[in-house]
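In this note's numbering, the protein residues as written are 853 to 1731.
Right, dumping it as structure tokens:
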């Protein structure tokens, strides 16, 4: 019996050995036949060179030179080699032990389009799927998985995935994947992964080291990707994006801690960089040279701290600083410091090109809470710096804005209960200019050296600014012949016109749809408004607005002839106590300055513009305002021009509601009128101009001045100004006697400068000052003219109440014209007027600055031209 049993055992052993040997030897042929016959869909076919061999003695699977072909030319799958070995005896100990698993040289093509998903030649998306009846839902077995899966090492190398996504080809090269110390069980999971790959030629590295015990533990992750081409992902984006180019890089290191209550993420390093970015849509183009988002430091405090568990890794228990906490109830984000840097940003939209050389935004202590039951909450401190901002009109050579630097310091941002609250410590804007027409060689409309805004507060109830300060302000207000602002760059609105044309192509349909939608929307909004509580009106508060230095305003009006020019220098400006939330608080305004060197103004105002009944008080003083330039605006209406004179103006008025009440004191020094557009010296006819001057002379006092007091009374909608002061002065002046004899003898000691003559048609003796003759084209004062000015200064010092008009007369010789009649051409009038003005400016400056003659006693006349034979360039003086 024992002999038969022994023989049976021998037969069984030999049989198993023979069967195992046959399986080992014949497995390539059998497996290839089964796969080609039953495994692969047509027309896929496993090639004859493909070898799949299984060794049952060691449970070892070997695959070499595997290739699946879709046709003679195209391969659907390639695998150079695979080696896998399973220790079956470990199953006795509830372990699935994979002793070896290595793959090398894999090629997998994948094709994706609207109607197809093909992986390795196998179509996974059926165009006409057969409806399948839903199967009864099976309740998963809640029993524990009794085995442990153990893989000491898994190696994959040289894997190539070729993805064709909507005609866009992507190459995914997995150079190596290494999995070590893999342990998977119901209670415990361990894994260590190293991945080295290339995405369309860009290197991508991934490292993962994780250990979980009872679904709790820490996973460490490292990601590193460099120079990934963005044009490869354009097919995944909406069709509105016409162009997408650039390279993106990413590097990060973070830990993921998992416990029973929440999942915590702690970043050690985070860097996202984009280079040479180009994004184009219709009417929009964006380009960025370099953009970097960087996590720079850990958070200062955390919103969640893990509790120690005896069965959890000690690293989890000791970690108390995390950036992101995820739980069922809420998501917490806590970042210590984030820095965003953008270099060479360019945006072109609607014919406006905006360029920013560099900008940095730094967020500190960023805290975000996203809860299921409560609104999102945000709290952070932000600092922003922007360098080299320019905005140009894309279709022409014109500058819209140029800002050297913008610094926004300490932006405290809070968003809680759906209410934003922003506090900004300061905003500093460096050297800037706006609206400059480079093509027409125009100066900028406005420019300044510095703008500082301190302590800004924003909330739904209040916008508050503590103070605003400006320095180095320059404005050029230039009007062209059509009274348009020449220094204002006009933008073309072609795109908006096209949009308008498209909108009105089918007005009937559009209006019908719009009316239905609008009526529905209006009814819904009305219902909501009925339920909602009244919203408080937002108030605005400004502490003060000041100028740190002088502001220069240059005004030129080319729409009148001759052109009117005036330079205004604002030496002091203060606007304070603006508060719409306190209507009864008084607002203050104080402006002081000079214009055209000698004239000055001082304007002070106060009032309550936001009160139910508005009240204002104005005190204004204007001194030594030269009047000849104003002739350009009044000559068409009066048919006269102001030949000479100055204006002093004092206003003391108040406004309550619409009622105005106050006084205006006017002092006109040496004012004289002449016929309009008569530039020729001596061309004024007594019959035309003298009567007007005689009428004006009735208002003059003994010094040749006109002094008026005009009361301001009435309603601002229909103002009425009393003329009692004017009528009283007319009566007094009409009864005054003629000129006194002392005028003849008083100035005899100054015979070299003065002379006395009878004024034709004015019934009075007039003192005359000899003309100051200039050589042709000369502007500067020579020795003889300096002596003349010295004697004139002595005379004026002795006669403190005497004012003198300075009337410059130019001749054709000043611009070397052979034909004197050509002097009346518009371009020659402008040239001669400029020379005359330069002469009289230098002469007055010498008397005022060097000889200390009060500027108020020297009055400018309108520049004149003398084309008579033998005429000489000169300054004519009128007392």
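All C-beta atoms in this analysis are idealised placements derived from N, C-alpha and C, irrespective of residue type, glycine included.
This one's a predicted model, so the numbers in the text were calculated from it and none came from an experiment.
| Item | Value |
| --- | --- |
| Separation of residue 922 from residue 1050, as counted between CA atoms | 27 Å |
| Check whether residue 1109 and residue 1070 have beta carbons under 7 Å apart | yes |
| Own chain residues within Cβ distance below 6 Å of residue 1279, not counting five before or after | 1260, 1305 |
| contact_flag[the stretch 1696-1713, the stretch 1671-1682] where n(CB pairs < 8 Å) is 3 or more | no |
| Burial state of residue 1673 (16 or more Cβ within 10 Å) | exposed |
| Entirely enclosed alpha helix (DSSP H) segments - the stretch 1644-1718, minimum 4 residues | 1678-1697 |
| Pair within 7 Å by beta-carbon distance, residue 958 and residue 931 | yes |
| Closest by C-alpha distance to residue 1641, when choosing among 1630, 1684, 1689, 1704 | 1704 |
| Beta-carbon contacts of residue 1626 that lie in its chain and below 7 Å, excluding the five residues immediately before and after | 1691, 1725, 1726 |
| Alpha-carbon spacing of residue 1580 relative to residue 1561, whole angstroms | Because residue 1580 sits at a pLDDT of 38, beneath the cut-off of 50, its placement in the model cannot be relied upon, and the point is left open. |
| Residue nearest to residue 1137 in terms of C-alpha spacing, selected from 1200, 1184, 1125, 1124 | 1200 |
| Helix, strand or coil at residue 815 [DSSP, three-state] | Past the boundaries of the shown model lies residue 815; the chain is included only from 853 to 1731, so the question cannot be answered. |
| Span separating the alpha-carbon of residue 880 from that of residue 918 | 11 Å |
| Cβ pair count under 8 Å reaching 3, the stretch 1084-1094 against the stretch 1058-1070 | no |
| Cβ-Cβ distance between residue 1446 and residue 1415 below 7 Å | no |
| Beta-carbon gap between residue 927 and residue 916 smaller than 7 Å | no |
| Cβ-Cβ distance between residue 1031 and residue 1006 below 7 Å | yes |
| Option nearest residue 969 by Cα separation, candidates 1017, 1624, 1458 | 1017 |
| 8 Å contact criterion, which residue 1079 and residue 1099 should meet: CB distance rounded | 4 Å |
| Spatially closest choice to residue 1452 from 1458, 1460, 1443, by CA coordinates | 1443 |
| Local conformation of residue 1267 per DSSP, three classes | strand |
| Candidates 856, 1717, 1459: closest to residue 1509 by CA position | 1459 |
| Alpha carbon of residue 1713 to alpha carbon of residue 1412, nearest angstrom | 18 Å |
| Status (buried if at least 16 other CB within 10 Å, exposed otherwise) for residue 1008 | buried |
| Counted within 10 angstroms of its Cβ, other Cβ atoms place residue 1272 as buried (16 or more) or exposed | exposed |
| Residues that residue 877 bridges to, as DSSP identifies them | None; residue 877 has no bridge partner. |
| Cut-off 6 Å between Cβ atoms - residues of its own chain near residue 1500, not counting five sequence neighbours on either side | 1475, 1519 |
| C-beta atoms of residue 1400 and residue 1323 nearer than 7 Å | yes |
| Collapsed DSSP secondary structure at residue 1480 in the structure displayed | helix |
| C-beta contact flag for residue 961 and residue 1014 at 7 Å | yes |
| Exposed unless 16 or more other CB atoms sit within 10 angstroms - verdict on residue 1800 | This structure cannot speak to residue 1800, because the chain is shown only from 853 to 1731. |
| Span separating the alpha-carbon of residue 1291 from that of residue 1298 | 17 Å |
| Residue range of the beta strand (DSSP E) that includes residue 1087 | No beta strand (DSSP E) holds residue 1087; DSSP gives it neither H nor E. |
| Residue 870, DSSP secondary structure in three states | helix |
| Three-state secondary structure (DSSP) of residue 911 | coil |
| Cβ-Cβ distance between residue 1468 and residue 1432 below 7 Å | no |
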